[in-house]
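Residue numbers (the working numbering): 43 to 287.
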């Protein structure tokens with residue numbers, strides 16, 4: 043048993059080195075290409091390439107992401123997407139599944155030049171906690187004035203889990219629901235914690251990755267519920283299909 047564990051660890055280490063090199067190359071080339079295309083007004087083409095880039099990225103890593111419930115996602119609608127957050131690669135996965143995806147980011151991240159650039163070019167929205175209404179006005183303007191369908195994504199836990207268990211949801215996404223007309227689309231991400239958790243250096247290439255898209259929850263129906271009911275209801279939907287080894 044000890045020999046098998048050692049061989050698996052050795053395999054994981056070599057895989058991690060390989061995947062790190064692949065990640066570095068693809069991220070640098072992807073960012074440069076994306077910025078150039080956006081500067082030339084080809085943002086829609088960037089959204090198209092995002093999906094291809096992500097699938098190619100995971101494929102080079104020997105990973106094929108299984109997607110369930112894709113019929114629950116209507117490409118002609120805007121959604122507020124919420125998902126459990128357990129790995130850095132959650133973002134990559136969601137970008138590959140949903141075209142035109144924007145993330146909500148803390149305004150403090152704008153102080154970092156790289157994050158500042160990423161937020162501006164990805165159509166993501168910096169959230170000012172001290173002036174939330176202004177942030178919501180900016181969000182609504184992006185949704186209203188965009189030439190493309192935009193889906194907003196937020197991780198209600200606020201940060202990646204350190205234990206693999208889904209943490210308590212924070213109320214930020216509820217305030218967004220109440221200040222927009224977006225329907226809520228819960229998503230469960232399976233396998234990403236075991237693939238590369240926050241507190242582990244190496245990857246586990248043997249883990250299977252899965253995305254489960256649940257049925258959307260109507261905005262008008264959620265607005266008649268109190269905040270605690272929404273938190274519990276939406277979290278349980280994601281939790282019921284969550285698998286951790």
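Glycine included, every Cβ here is placed at the ideal spot set by N, Cα and C.
Item, Value
"From residue 259 to residue 64, what does the alpha carbon distance come to, in whole angstroms?", "38 Å"
"Return the residue from the list 286, 138 and 264 that minimises the CA-CA distance to residue 276.", "264"
"Could you tell me the boundaries of the beta strand (DSSP E) in which residue 231 lies?", "225-232"
"Which value, in whole angstroms, describes the spacing of the CA atoms of residue 125 and residue 44?", "36 Å"
"Secondary structure at residue 106, three-state DSSP: helix, strand or coil?", "coil"
"What does the Cβ neighbour count give for residue 199, buried or exposed, with the cut at 16 atoms within 10 Å?", "buried"
"Return the chain-ordered ranges of every beta strand (DSSP E) run that is complete within the stretch 205-264 and spans a minimum of 3 residues.", "225-232 and 252-255"
"Considering Cα atoms alone, identify which of 213, 122, 211 and 204 is closest to residue 286.", "204"
"Let me know the beta strand (DSSP E) ranges lying completely inside the stretch 51-131, each 3 residues or longer, listed in chain order.", "108-110 and 121-125"
"Hey, how far is the Cα of residue 58 from the Cα of residue 246?", "8 Å"
"For a quick check, are the C-beta atoms of residue 132 and residue 231 less than 8 Å apart?", "yes"
"State the start and end residues of the unbroken alpha helix (DSSP H) segment that holds residue 278.", "269-282"
"Given a cut-off of 8 Å on the beta-carbon distance, is the pair residue 261 and residue 227 in contact?", "no"
"Below 8 Å CB to CB, which residues in the same chain sit around residue 257 once its five sequence neighbours on both sides are set aside?", "111 and 114"
"Am I right that residue 144 and residue 234 are in contact with their C-beta atoms under 8 Å? What's the rounded C-beta distance?", "Not really, about 20 Å apart at Cβ, beyond 8 Å."
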